[in-house]
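Visitor: One structure, as structure tokens, below. Some questions next.
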Amino acid sequence: MQIKGFISKIILLSLSATLLLGCSSKDENKDLALNKAPESIVDSSKESITEEQSTQTLQVSVEQSTSTQSVETKEKEVPLDYEFHKKLNIFFSNFSEVYMPDFKEGDVTNEALIHFSWWHNYINNSNSLKSFNNDGYGYISENQIYKSINKYFGIDMTTRNLSDVESKRENGYYKEICADGEAFPFSQLTKLLDNGDGTYTADVDIYDPQALDICSYEPKDKWDEETLVESKLSRKMKCLIKKEGDRYVLLEYLTQMNY
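In UniProt numbering, the protein residues as written are 1 to 259.
If you want it as structure tokens, here you go:
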């Protein structure tokens, strides 16, 4: 009986030791798992942030690239063949020959418009000129004046308040004192940019002839020796134009340099 009791105690002690060892092992595993968990969470968070930053960087790069391409492609230089170049030289000479004053887009005055149209018709359309009373004035009908303004500026004068130029108008005509015997400045287009919005920026040189009958609408590389010698560069202009149908209209006319 004593031997059996002793054996029973040994068995109970062995079972207790086994149970204690098992609990200790599980607790250690839990501690290891808890110790590792924060590292796993932090690493996952880092990966998530890195991916987000990478995506944002890529988006910014794409936007910057697109913006750069947009700026690069916004303006394109227009090639100038002989006929096109000559046509635009004639167009811009219409303004230089009447000494058109500077104006910004949307800010051209009635006085400047009437001045342009009267002298443009006087120089290029003498049939429109009337003379009354031998008073030294030349008269051009307001209909003709307004027609030329609309053609070259795209402006309908009948929609504007013209009270500030009323003194120049008489019985349906605009009047100016006539003058003859001078050579008129002419223009030479040097560069044309397509702005990508339906408008064009033009660099234009204005030449003053140093002798009568000196005027050339040819591209400068086609000028004869006399024109080269007898023409003096007087101004550089920056112009903004727009194509309307088969013609161009002037939106802005600004002096860049006087000589």
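C-beta: ideal position from N, C-alpha, C; glycine also.
#1: Whole angstroms is fine: what's the gap from Ser67's alpha carbon to Tyr200's?
#2: Buried or exposed for Ser163, please, with buried defined as at least 16 other CB atoms from any protein chain shown within 10 angstroms of its CB.
#3: Val108: buried (16+ other C-beta within 10 angstroms of its C-beta) or exposed?
#4: If contact is defined by three or more beta carbon pairs under 8 Å, each pair taking one atom from either stretch, is the region 164-177 in contact with the region 139-155?
#5: Buried or exposed: where does Met257 fall if 16 or more other Cβ atoms within 10 Å of its Cβ makes it buried?
#6: According to DSSP, simplified to helix, strand and coil, what is Lys30?
#7: Grouping DSSP H, G and I as helix and E and B as strand, with all else coil, what is Phe186?
#8: Can you tell me where the alpha helix (DSSP H) with Leu113 in it begins and where it stops?
#9: Starting from Glu142, trace the alpha helix (DSSP H) in both directions and tell me its first and last residue.
#10: Please name the residue, chosen from Glu225, Ile149, Lys87 and Val204, that lies closest to His115 on a Cα-to-Cα basis.
#11: List the residues that DSSP assigns as beta-bridge partners of Leu240.
#12: Does the region 88-98 touch the region 178-193, meaning 3 or more C-beta pairs lie closer than 8 Å?
#13: I'd like to check one pair, Asp102 with Tyr253: are the Cβ atoms closer than 8 Å?
#14: If I follow the unbroken alpha helix (DSSP H) through Ile214, where does it start and stop?
#15: Measure from the alpha carbon of Val165 to the alpha carbon of each residue in Gly154, Asp203, Ala112 and Phe153, then state which is nearest.
#16: Would you mind stating whether Gln144 and Asn161 have Cβ atoms separated by less than 8 Å?
#17: For the alpha helix (DSSP H) containing Lys87, name the first residue and the last one.
#18: Please name the residue, chosen from Lys232, Leu193 and Glu182, that lies closest to Leu212 on a Cα-to-Cα basis.
#19: How close, in whole Å, do the beta carbons of Arg235 and Ile206 come, if the pair is a contact with beta carbons under 8 Å?
#20: Just verifying my parser: in three-state terms, what is the DSSP assignment at Met100?
Guide: This is what the structure gives:
#1: Annotation note: pLDDT 47 at Ser67 (below 50); position unreliable, coordinate value reported separately. So the two alpha carbons sit approximately 21 Å from each other.
#2: exposed
#3: buried
#4: yes
#5: Per the 10 Å Cβ criterion, exposed.
#6: Summary for Lys30: the model assigns pLDDT 39, below 50, so the residue's position carries little reliability, and this model does not support an answer.
#7: strand
#8: Asn110 to Asn124
#9: Glu142 to Phe153
#10: Ile149
#11: Thr201 and Glu252
#12: By the C-beta criterion, the region 178-193 is judged to be in contact with the region 88-98, since at least 3 inter-stretch pairs fall below 8 Å.
#13: yes
#14: Counting along the chain, Ile214 falls outside any alpha helix (DSSP H), and DSSP gives it neither H nor E.
#15: Ala112
#16: When the beta-carbon positions are compared, Gln144 and Asn161 stay at least 8 Å from each other.
#17: For Lys87, the enclosing alpha helix (DSSP H) has its first and last residue at Tyr82 to Ser96.
#18: Glu182
#19: 4 Å
#20: coil
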